[in-house]
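When the letters of the sequence shown are read in order and numbered with my numbering, they come out as residues 112 to 167. Right, one structure below, let's go through it.
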Amino acid sequence: MAKAVGVDLSTTNSVIAAWQVGEVAVIPASAGSLITPSVAAFTDTGEPLVGQLARR
């Protein structure tokens, strides 16, 4: 069976969902929330940060 993934890259928050076995499932972020802030940043050492870590 075919699978589909949808990505909503909004200006405030982003979310990813997958269509599997006849229903949609939102994929949680590594931090556990279903939405991820659409924020990116870099630390003083150049490490990239995204989502909640970048917002902090």
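All C-beta atoms in this analysis are idealised placements derived from N, C-alpha and C, irrespective of residue type, glycine included. All figures in this text were calculated on a predicted structure; none of them were measured in a lab.
Nearest-angstrom Cα separation, counted from residue j out to residue i
i           : j           : result
residue 164 : residue 126 : 16 angstroms
residue 166 : residue 134 : 32 angstroms
residue 136 : residue 153 : 31 angstroms
residue 159 : residue 150 : 11 angstroms
Where residue i falls, given that 16 or more other Cβ within 10 Å makes a residue buried
i           : result
residue 162 : buried
residue 156 : exposed
residue 147 : buried
Chain-order list of residues whose beta-carbon lies under 6 angstroms from that of residue i (same chain, five-residue window excluded)
i           : result
residue 116 : 129
Residues of its chain near residue i, where Cβ-Cβ distance is below 7 angstroms and the 5 sequence neighbours each way are ignored
i           : result
residue 119 : 125, 126
Contacting residues, own chain, Cβ-Cβ under 8 angstroms from residue i (five flanking each side not counted)
i           : result
residue 139 : 145
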